[in-house]
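The structure appears below as structure tokens.
Chains as they are written, first to last, in our numbering: chain A, 11 to 321; chain B, 8 to 256; chain C, 4 to 407; chain D, 30 to 317; chain E, 642 to 884.
Here it is in structure tokens:
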């Protein structure tokens, strides 16, 4: 276990103490932060480890939210609906991945971006199942009060973050991670040494979607109401990438820190610049890319920098 | 000798360019074959077609009794078909050890990363890179990267090994060292097909020479016979040289 | 530009005012201010709606503060509205709501825009026991969750489509076939479904019912198809841009019908301006219309007075969205004054007991909190103006047939 | 007759789609940058036309002439100052960069123009012409002709002018172009400027047809994406083919399956095209 | 004033990123002559040409042309000194017509259209085949025609020194002869030529003087005829016939 992985686990452990200090609003922010950290860490498996510029995060977030939401709305308990959302997302992603991951660079980016659109419209038109454009109402779990509810969903999301982080670390230490790293560095050579790149990429895509989808499932239960344009929002794809870029591509610690730093910045900007916050966000992105292209962690974990070249 | 590889009328076309025309060729177990020809003759394309990097547009490739014409690269690699690249293709961020370990790991299903690293050490030692095991591949010298490429290919326990210009860009001492390695591999019973520009290496190592020119196979036989074949001399060194060789010869 | 510049200037000024108030509020006068939270979709696809909401709230706050404030037990409190942008994104709306309740310490809340976001945020109001008025949520599902703290100023959607169908049925006996085209989005789709129901209930033949995707740029194929079906009534729902586009392409393709209805476009002055002559005879329905003649007991008094004040401030006529925002504020004001305290429980009870005439119309909340006392007007664009056709007490003209 | 009407609709709309996509395609083809600001540039062009018409009664035809140089300079400067610094970075970085720039431009437009919908309504309106029972709106027809003229001008620039040849050369073989003495950075900036100018002009034309709001930028961008992938990158004829194909898919698709499915269909087709024929209908073969 | 050498290199080093390929090249290309550069694959000939045309930076050493230091110059400046590179593999703009390719060759010269016409005609006179197909896409030409087009494109840059990488690669002997004849004519008209060629006899017969490269260094130089008899050529290149 490397030092940065230990730091990450320690960081996640510290976050668990949040309910002791913050009120409901702090817990909401904490839940959102955990959620985005899950998205960013999951994206990192495909984008950071395997070097494929995926914009499909929002597609699988929405898919998971809808699988979870539909099941919850039909009375399934959260503990069953979320794993099913995760597994469903995994299967859909792995199958699609086998076809999409043959594309490289720009073409892959666009195809993965288009997935959002396709999924949204499919959900939109499956009115009988999903409510279509009318959105989907998810019944409140027996409300035990503001704080109890907030704490429950915070810990639900936090646990998923922990599992995701452990998954990402396990992957990066495993044969799978080793293979993905080979693919990022040189896919031709990876094929040449007998690595089934299609299989590995599909698994990576599926794994990444699995945790994103699970997060979507928890999210659906948390907000009680989802509609297609909310959950299939391209920002769910872009923000994790920006977070990973802020933190430094590849390292799980960097990506997680990037997520927290980004959300902190966003909260500040959002509070202080109502009218122009998205512009300010744009300026931050542009400045970041111009002046800190390797992210905050670039000093600490220089090895990961090279990942950018093949990304 | 039993055959290990058979090409039947293999062709490859890139748009308007016919890179390989109707190549038929048999490689027997234990042979060391030199594949030569001027730049652009189609040698590397041939290797790419056999290894599945670029699919053939016509004909068939049979390896060890199995039709591998449409088999994916990673499958043929696991079948025992391995190669080095003319332009070395290391995993640049990996250490030399992990480069070789990757080859050992993925060529055999069920191999563990730990076991693969162990095995990789042996192959690194064989090519004389044990001292560089922990060094990042991108920082190795060209000669070292060429040897790394060889160690990678060996880690896959190949039945048939393609060497694509392993000596290009090396100095004479390095070439001698590489030649010695190839000799040793041949002695270990690995079938080798090598693309090589240095004729002294070809003549030193190979039992048979195959010549490509403009995508066609123009000669195939014993080194002596091939080297005095006027068609080869003309293709390889130019018409005038062929004439002069005729005058002198 | 001529229109937008002063508007922008006003908006930024009101923001400055709000900011200044916020600053001062945190200092000495904290007790003398009642804070209302209003999460708005200032950016993103719903941004045009946010501006209307903000105009409505601002107008009310300005009037109250001009009159000295809300009097609670003999003491005058100034009104301050805390805005926040939730980027047309429902989870953000919920987050903003919670932020306002817990961080900004608002006394009362306005719901975020539309039924979806209002519903999502309503559970927070319930948990925090925060009296909340939804000024733009019509869907009954928002209210029948058994919540005590949520109130709404829009009647259910069928109260728009039913009177419209009745008028068409009475005045246009030739209408047999109806084509319905709806934006695949919460409110437009819900309206379209109500329309389908009421058409069928009235014996009309619904020959076409389709949804179009959000962000559709071109309707020509759809309209060609509708044209080939030759319906006498074409009913389209969507937001202004959709409806403008559909109207433009209808005239491009020379599609004519006895009746063309659009919801919610014609209720908005922008639609009337942009559609120009092509808007003629398009019918619509909304929860309120400036032509209404109510004699309110609220701070605005008569409908005419409200329209006058609005014109003075914004140089344009108010529509139902702006008026609903204003009346929501006025309802809070009356409830607080009646309760004589800022206690949330008491104000909630006062709201629930509301039975008052306003410039918006008679206001009584049903057991679910949704208003049930309103009869929404049906109107038609005639000569570049919206003419009210029903209810009879505010009727301005007769229904005209034929849209070319 | 219904089929003929659908066909004519698609043909006209297809040319407009091509006009939306052509600048995007040029930038993608030459700079290898997926320019997410493109949609906002189009909207900005539409606002320019609207402002000139409402404020100064300048007809959109003159607005085209004003928009072209203005937007060219705008694009040129953005490329030189910002984009060029990351031009060699991987797709992730360039894409995120243009996303950030788009946030800025779009937010600026919302701030300045507000998010409500404007409409440029010509007085008097141009009406429609009908041949047999097939109706074609005149403004669309005129915009289509203008769009074709714009693409024609681009074609001529690329074919006939020295700088145009250099743009094509950089697209085909960057290194060889350097050997010819082409200043690649300057060509990048010029190509980006041209792409921006085309977006601005497209915006002026779209103002005649579609309601104007910063919020429509994503719709334009989406169309540009699909048209490029369907038709092939960086080619004028490809953009035309892609535009018409997309319009046909949407038209026929919405007639057959309902309008809600038309967009889905086009994006599914986009993915299928990407996988099976990433070079597009006319990609790589032609450059013009 | 006529310089004796159009290009003079002293201790020139260059490479790609961290990989050094050229290890101190000393070389002079005399004005008005044909100079050949020979050596095995990977000896660094192409890298040298790329350094000379400014495609890759010179790391150290001097690079003079007509007394001007070009070691830090970019491709555009070097072109303006009349040093034109016809790259290996021709690198034509395949989708552009022959004429457009030729016009690209003149890109860096800001000259009148009449002058361009005249230069075009000169190329067409040298290679009449190109004239016949001038509106055809260059990518559809045969190998020989492509090489003509590439040389023609180089000529459009009004070179003082024309550098050709792998003239005869993939061409039939007849075509090579035609090209060699064309080069002789151009040289007779005063153009200096630097030729990288793997057909050793062709190269050595054509050139006035030649340099042999190996491992990124110049290992021998001399007149073409001298080198033909030099055993080092056999070592480096022709080993085959000696065994």
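Idealized CB from N, CA, C, for every residue including glycine. If you're wondering where the values come from, they're calculated on a predicted model, not measured in any experiment.
Alpha helix (DSSP H) segment containing residue i, residue limits
i: residue 700 of chain E; result: No alpha helix (DSSP H) holds residue 700 of chain E; the beta strand (DSSP E) holding it covers 699-706.
i: residue 355 of chain C; result: 347-355
i: residue 277 of chain C; result: 272-278
i: residue 290 of chain D; result: 289-305
i: residue 259 of chain C; result: Here residue 259 of chain C belongs to no alpha helix (DSSP H), and DSSP marks it neither H nor E.
Exposure of residue i, with buried meaning 16 or more beta-carbon neighbours within 10 Å
i: residue 154 of chain B; result: buried
i: residue 282 of chain A; result: exposed
i: residue 44 of chain B; result: buried
i: residue 255 of chain C; result: buried
i: residue 826 of chain E; result: exposed
i: residue 235 of chain C; result: buried
i: residue 249 of chain A; result: buried
i: residue 305 of chain D; result: exposed
i: residue 57 of chain D; result: buried
i: residue 230 of chain D; result: buried
Per DSSP, cross-strand counterpart(s) of residue i
i: residue 221 of chain C; result: Looking at the DSSP assignment, residue 221 of chain C forms no beta bridge with any residue, so it has no partner.
i: residue 388 of chain C; result: C:385
i: residue 770 of chain E; result: DSSP lists no partner for residue 770 of chain E.
i: residue 240 of chain C; result: C:185 and C:266
i: residue 218 of chain B; result: B:43 and B:226
Alpha-carbon spacing of residue i relative to residue j, whole angstroms
i: residue 63 of chain D; j: residue 731 of chain E; result: 30 Å
i: residue 98 of chain B; j: residue 237 of chain A; result: 44 Å
i: residue 128 of chain D; j: residue 216 of chain B; result: 57 Å
i: residue 165 of chain C; j: residue 49 of chain A; result: 46 Å
i: residue 10 of chain B; j: residue 50 of chain B; result: 21 Å
i: residue 56 of chain C; j: residue 325 of chain C; result: 5 Å
i: residue 157 of chain C; j: residue 374 of chain C; result: 6 Å
i: residue 863 of chain E; j: residue 190 of chain D; result: 46 Å
i: residue 58 of chain A; j: residue 198 of chain A; result: 18 Å
i: residue 189 of chain A; j: residue 136 of chain D; result: 42 Å
i: residue 40 of chain A; j: residue 168 of chain A; result: 9 Å
Nonlocal neighbours in the same chain, by C-beta distance under 6 Å from residue i, ignoring five residues either side
i: residue 160 of chain C; result: 141, 193, 194 and 197
i: residue 701 of chain E; result: 654
i: residue 239 of chain D; result: none
i: residue 95 of chain C; result: 89
Where the beta strand (DSSP E) containing residue i begins and where it ends
i: residue 161 of chain D; result: Premise fails: residue 161 of chain D is in no beta strand (DSSP E) and is neither H nor E.
i: residue 114 of chain D; result: Looking at the DSSP string, residue 114 of chain D is not in any beta strand (DSSP E), and its letter there is neither H nor E.
i: residue 363 of chain C; result: Segment: none, residue 363 of chain C is in no beta strand (DSSP E) and carries neither H nor E.
i: residue 646 of chain E; result: 646-657
Sequence-distant residues of the same chain with beta carbon closer than 7 Å to residue i, five excluded per side
i: residue 60 of chain B; result: 80
i: residue 121 of chain A; result: 110 and 113
i: residue 71 of chain C; result: 79
i: residue 668 of chain E; result: 650, 852 and 859
i: residue 706 of chain E; result: 647, 648, 722 and 724
Neighbourhood of residue i by C-beta, 8 Å cutoff - its chain only, sequence neighbours within 5 removed
i: residue 145 of chain D; result: 242
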